[in-house]
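Number 481 in this note's numbering belongs to position 25 of the sequence shown; there are no gaps in the numbering.
By construction, the Cβ of each residue, glycine as well, lies at the ideal position given by its N, Cα and C atoms.
Before any comments, here is the structure.
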Amino acid sequence: MHCPKCKNPISPLKVWLITRWSPLRCDHCGASLTRSIDRQFFIMAVLMFAGIFLFIQTPLFLVVWIIVVMLIDAYTVQLVLDQERPQ
Ligand SMILES: [Zn+2]
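Structure follows, in structure tokens:
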């Protein structure tokens, strides 16, 4: 995962800190970054809901599923510059 502005590498695990209201800051150039709402995001959302639906009776599998989906998400997400905040 790289900053789209300066190409500085960013730890994939930091994607979990991004919310709708709190963007990620690039350590190098200070740009505020957010995740792009694209096909990848859509697939991850479908996987997450499918897992909840399938494993609701087995909480252990549900927890494992959520962790796996979050890891896949962290390594496939696309970062974009946050348009709502000044850079
Ligand atoms: Zn940067």
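Quick check on Arg-491: does DSSP put it in helix, strand or coil?
strand
To the nearest whole angstrom, what separates the beta carbons of Cys-482 and Ile-466, a pair I think is in contact under 8 Å?
That belief holds up - the Cβ atoms of Cys-482 and Ile-466 are roughly 7 Å apart, short of 8 Å.
Between which two residues does the beta strand (DSSP E) harbouring Leu-535 extend?
535–537
8 Å Cβ cutoff met for Val-536 and Gly-507
For Val-536 and Gly-507, no; Cβs fall outside 8 Å.
Mind listing which residues have their beta carbon within less than 6 Å of any non-hydrogen atom of ligand 3? Chain order is fine.
Of the ligands one can find in the structure shown, namely ligand 1, none is ligand 3.
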